[in-house]
Amino acid sequence: MKKLLHNFEAWISVAIFLGMTAIGFANVVVRYLTSYSFASTQELLLTGFLLLTVFGASMAAREGQHLAVTYFAGLFGARVEGIVKIIAAIISVVLLLLAAWYCWELVANQLASGVTSPGLGVPAWYYSVALPFAFVLIAIRTIEFTISDHRETRDLIAEAARVPGTPPEDTLRKNTTRRTEAADA
Numbered sequence: 001m002k003k004l005l006h007n008f009e010a011w012i013s014v015a016i017f018l019g020m021t022a023i024g025f026a027n028v029v030v031r032y033l034t035s036y037s038f039a040s041t042q043e044l045l046l047t048g049f050l051l052l053t054v055f056g057a058s059m060a061a062r063e064g065q066h067l068a069v070t071y072f073a074g075l076f077g078a079r080v081e082g083i084v085k086i087i088a089a090i091i092s093v094v095l096l097l098l099a100a101w102y103c104w105e106l107v108a109n110q111l112a113s114g115v116t117s118p119g120l121g122v123p124a125w126y127y128s129v130a131l132p133f134a135f136v137l138i139a140i141r142t143i144e145f146t147i148s149d150h151r152e153t154r155d156l157i158a159e160a161a162r163v164p165g166t167p168p169e170d171t172l173r174k175n176t177t178r179r180t181e182a183a184d185a
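Going left to right, the sequence shown walks through residues 1 to 185 as UniProt numbering numbers them.
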């Protein structure tokens, strides 16, 4: 169960990608064999791309793979860098929760107005309902990674303090480089 929850976004992304592949393949086959096409499936594929993007962002947040400008934070040492990372994570989480709130407002508006999609004619909120939950999931994954990264940094600084003659920043840079190389592999 723990493995399923840890890889939730990956399983959802695989299911969405397989569904998109099947729909796209069926559309090509029908168009090739007949003079018709599943033109309305384009909105399903676009929604699939949107969901893949937000669930992919959640996977990246879980692994700490989002872009970050760490050059200036690294100039001031390991402790300041840790504080800057925490501040950046707080700002990110606030923005993600705002995005979730406004996506929920969008869903409520679509539900109240009864607007339907142009291609299939289904309620438009069907396509939007996963977005607020996805943004909350990205925020949760950002918090999880920040806590994990802070603990690792704290442990490295403590380890460096035990080794005579090694500044904490040197140990931290070596481990950060190792962690980045391991993530790239």
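Positions of the beta carbon are idealized from the N, C-alpha and C atoms, including for glycine.
Considered as a whole, the stretch 2 to 87 harbours 2 to 6, 8 to 33, 41 to 63 and 71 to 75 as its complete alpha helix (DSSP H) runs of no fewer than 4 residues, in chain order.
Between the C-alpha atoms of Asn27 and Leu33 there is a straight-line separation of about 10 Å. In the same chain as Pro123, and ignoring 5 residues on each side of it, the C-beta atoms closer than 8 Å to its own belong to Gln110, Leu111, Gly114, Val115, Thr116 and Ser117, in chain order. A check of alpha carbon separations from Ala68 across Leu131, Ile91, Ala160 and Leu46 identifies Ile91 as the nearest. Nearest in C-alpha terms to Gly82, of all of Ala61, Asp149 and Asn7, is Asp149. Contact check for Ile143 against Val93 passes: the beta carbons are separated by less than 8 Å. Between the alpha carbons of Ser58 and Leu45 lies a distance of about 20 Å.
Pro132 carries a helical assignment under DSSP once its states are collapsed to helix, strand and coil. Checking the DSSP bridge columns, you'll see Thr116 partnered with Pro123. Between Ala78 and Thr21, the C-beta gap is not smaller than 8 Å, which leaves the two residues out of contact. Scanning its chain for C-beta atoms nearer than 7 Å, with the 5 sequence neighbours on each side dropped, one finds around Ala10 the residues Met59, in chain order.
Excluding sequence positions up to five before and after Leu97, its CB lies within less than 8 Å of the CB of Phe135, Val136 and Ala139, all in the same chain and listed in chain order.
Each of Glu159, Ser37 and Ala99 was checked against the Cα of Pro132, and the nearest Cα belongs to Ala99. Judged by their CB atoms, Phe55 and Ile12 are nearer to each other than the 8 Å cut-off.
In summary, Tyr127 is buried, with 16 or more beta-carbon neighbours lying within 10 Å of its beta-carbon over all protein chains present. For a cut-off of 8 Å, the C-beta gap from Leu52 to Phe17 is around 7 Å, short enough to register as a contact. Beyond the five residues adjoining it in sequence on each side, Cys103 comes within less than 7 Å, by CB distance, of Ser128, Leu131, Pro132 and Phe135 in the same chain, given in chain order.
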